[in-house]
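Asks: The structure follows.
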Amino acid sequence: MNADALRGHMDALLLSVLEREPLHGYAIIEALRERSGGALDVPTGTVYPALRRLERAGLLAGEWASDGGRKRRTYRLTDAGRKALAGERSAWRSFTTAIGSVLDPLR
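My numbering applies: residue 317 is where the sequence shown begins, and numbers increase by one.
Take a look at the structure:
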C-alpha cells in the first residue's frame with residue numbers, strides 16, 4: 317500500500333491495534349500486517365515515533381518489561397486514548413461515506 321495513503325491515519329491504526337491488549341512495538345507492526353491481510357507493512361521508523369508522540373499526548377501509556385531477558389516497551393491505551401479512538405472511528409466513517417459518494421455515485 318502506498319505510504320501516502322496512510323498519512324493522517326496512523327494514529328487511528330495504532331490506537332485500534334492497542335484497543336484489545338497492550339503490545340510492544342514489533343508486535344504492533346505485526347498486528348497491523350496481520351489485521352490488514354499483509355497490505356500494511358509499516359516500517360519501524362514510522363511506528364516508533366508515532367508511539368512516542370501518542371504517549372506524550374497521553375493517549376498511550378508505556379512501560380518497560382522484560383521478555384526472555386529482552387527489555388521491551390509495552391504500550392496500552394489510556395482512557396483518553398479510548399476516547400480519541402472513538403472520535404477517529406467516527407471521523408473515518410464520515411470520511412469514507414463522503415469519498416464513497418463521489419467515487420461510486422450509483423451505489
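Ideal placement from N, C-alpha and C gives every residue a C-beta, glycine not left out.
Which runs of the alpha helix (DSSP H) spanning at least 4 residues fall entirely within the segment 348 to 394, listed in chain order?
Replies: Qualifying alpha helix (DSSP H) stretches, in chain order: 360 to 372.
Asks: Suppose you measure from the CA of Thr360 to the CA of Lys399; what does that come to, to the nearest Å?
Replies: Rounded to whole angstroms, Thr360 to Lys399 spans 26 Å at the Cα level.
Asks: Taking one C-beta from the segment 346 to 353 and one from the segment 379 to 399 each time, how about it: are there three or more such pairs within less than 8 Å?
Replies: Segments in contact, no.
Asks: Return the CA-CA distance between Ala328 and Gly378, expressed in angstroms with no decimal places.
Replies: When rounded, the distance between both Cα atoms is 17 Å.
Asks: Report back the beta-carbon spacing between Leu367 and Gly341 to the nearest angstrom; my notes put them in contact at under 8 Å.
Replies: So it is a contact: roughly 6 Å between Cβ atoms.
Asks: Give me the Cα-Cα distance between Glu337 and Leu393, rounded to the nearest whole angstrom.
Replies: Distance between the alpha carbons of Glu337 and Leu393: 8 Å.
Asks: For the putative contact between Leu375 and Ala402, defined by C-beta atoms under 8 Å, what is the C-beta separation to the nearest angstrom?
Replies: Between Ala402 and Leu375 the Cβ distance is about 12 Å, and since that is not below 8 Å, they are no contact.
Asks: Could you give the DSSP three-state label for Leu334: helix, strand or coil?
Replies: DSSP places Leu334 in coil when its eight states are reduced to three.
Asks: Measuring only the C-alpha atoms, how far is Val418 from Phe411?
Replies: When rounded, the distance between both Cα atoms is 11 Å.
Asks: Just confirm the distance between the C-beta atoms of Tyr391 and Glu371, as a whole number of angstroms; I'd bet it's less than 8 Å.
Replies: Indeed they touch by this definition, with Cβ atoms about 7 Å apart.
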